[in-house]
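Read the structure below first, then the notes.
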Amino acid sequence: VSTATLTYDTLRFAEYEDFPETSEPVWILGRKYSIFTEKDEILSDVASRLWFTYRKNFPAIGGTGPTSDTGWGCMLRCGQMIFAQALVCRHLGRDWRWTQRKRQPDSYFSVLNAFIDRKDSYYSIHQIAQMGVGEGKSIGQWYGPNTVAQVLKKLAVFDTWSSLAVHIAMDNTVVMEEIRRLCRTSVPCAGAAAFPADSDRHCNGFPAGAEVTNRPSPWRPLVLLIPLRLGLTDINEAYVETLKHCFMMPQSLGVIGGKPNSAHYFIG
Numbered sequence: 001v002s003t004a005t006l007t008y009d010t011l012r013f014a015e016y017e018d019f020p021e022t023s024e025p026v027w028i029l030g031r032k033y034s035i036f037t038e039k040d041e042i043l044s045d046v047a048s049r050l051w052f053t054y055r056k057n058f059p060a061i062g063g064t065g066p067t068s069d070t071g072w073g074c075m076l077r078c079g080q081m082i083f084a085q086a087l088v089c090r091h092l093g094r095d096w097r098w099t100q101r102k103r104q105p106d107s108y109f110s111v112l113n114a115f116i117d118r119k120d121s122y123y124s125i126h127q128i129a130q131m132g133v134g135e136g137k138s139i140g141q142w143y144g145p146n147t148v149a150q151v152l153k154k155l156a157v158f159d160t161w162s163s164l165a166v167h168i169a170m171d172n173t174v175v176m177e178e179i180r181r182l183c184r185t186s187v188p189c190a191g192a193a194a195f196p197a198d199s200d201r202h203c204n205g206f207p208a209g210a211e212v213t214n215r216p217s218p219w220r221p222l223v224l225l226i227p228l229r230l231g232l233t234d235i236n237e238a239y240v241e242t243l244k245h246c247f248m249m250p251q252s253l254g255v256i257g258g259k260p261n262s263a264h265y266f267i268g
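Below, the structure written as structure tokens:
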């Protein structure tokens, strides 16, 4: 399979001279680029996706648990990245770009605050790890992508600032009536007792309910997650072209996948 690879390891030094020159278009989450004329645009788009990776010395999960997710948090971080992309699209739009030395809108910082490594952030490593206990995973245990999806769905209920409807299509089946019913259901901002790990209940830094005042919505934006297994140890080549087409969809948030101690978030 002919591939072109650009990662945050190369972005760190803005080195993409070795990026393969291909006559085929480069697709990044529904945006089409030419490697010959739009290298800067490709770099800007990739650099504008939020990147979460292993960290250490954060507050202990659960008060006495791990202070680092090295070795077990890779899929949790991938789940954070794909969900962060959903929040970026929701609050900033797909065309938003991060620019160095330029003041970003307040909503950008609210999105970041939702993923900070502390117990009172909606999608923090703390919240994901603790909510995973209900999915049969102990804190510090590696997650598969389906477990991450189930946990993020539960956590999204408390994020009324984003007010996302999250649906996980099991058995590779999407039932349209279920989607319509879910997206038309409003979810009020929960109080302190309902939030899984925060005694000082806030909604992304705002007092509970404050940020949704006068913002009624008859339809909630949908995050559709489809768990699939595309091969036993590697991706079956029969699925490659179809998978590549998924990145051409303007609604695409990308793909997460991996195995114990190794996980990836693909955006194009």
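Per the UniProt record's numbering, residue 1 is the first one in the sequence shown, and the count goes up by one each step.
We put the beta carbon where it would ideally sit given N, CA and C, even for glycine.
{"Query": "Cβ neighbour criterion (16 or more within 10 Å) applied to residue 219", "Result": "exposed"}
{"Query": "Status (buried if at least 16 other CB within 10 Å, exposed otherwise) for residue 93", "Result": "exposed"}
{"Query": "Supposed close pair residue 170, residue 151 - CB separation, criterion 8 Å", "Result": "Their Cβ separation, rounded to whole angstroms, is 15 Å, which puts residue 170 and residue 151 out of contact at 8 Å."}
{"Query": "Limits of the beta strand (DSSP E) - the one that residue 102 falls within", "Result": "That residue, residue 102, is in no beta strand (DSSP E); it is neither H nor E in DSSP."}
{"Query": "DSSP-derived helix/strand/coil call for residue 243", "Result": "helix"}
{"Query": "C-alpha distance - residue 149 paired with residue 180, whole-angstrom precision", "Result": "20 Å"}
{"Query": "The ligand MG heavy atom lying under 7 Å from the CB of residue 32", "Result": "Ligands in the displayed structure: none, and consequently the ligand MG is not present."}
{"Query": "Beta-bridge partners of residue 121, as assigned by DSSP", "Result": "Paired residue(s): none; residue 121 is not in a bridge."}
{"Query": "Environment of residue 141 [buried if 16+ CB atoms lie within 10 Å]", "Result": "exposed"}
{"Query": "Buried or exposed (CB count within 10 angstroms, at least 16 for buried), residue 77", "Result": "buried"}
{"Query": "Endpoints, the alpha helix (DSSP H) within which residue 223 is located", "Result": "Not the alpha helix (DSSP H): residue 223 falls in the beta strand (DSSP E), residues 222-225."}
{"Query": "Contact under 8 Å by Cβ, residue 30 with residue 250", "Result": "yes"}
{"Query": "Cα-Cα separation between residue 58 and residue 117, rounded to whole angstroms", "Result": "6 Å"}
{"Query": "Distance, residue 163 Cα to residue 178 Cα", "Result": "17 Å"}
{"Query": "Rounded separation between residue 103 and residue 112 - CA only", "Result": "14 Å"}
{"Query": "Bounding residues of the alpha helix (DSSP H) (the contiguous stretch that carries residue 165)", "Result": "Not the alpha helix (DSSP H): residue 165 falls in the beta strand (DSSP E), residues 165-168."}
{"Query": "Contacts around residue 159, its chain only, beta-carbon distance under 6 Å, and the 5 residues preceding and following it disregarded", "Result": "122"}
{"Query": "Beta-ladder partner(s) of residue 27, from DSSP", "Result": "32"}
{"Query": "Where residue 71 falls: helix, strand or coil (DSSP)", "Result": "coil"}
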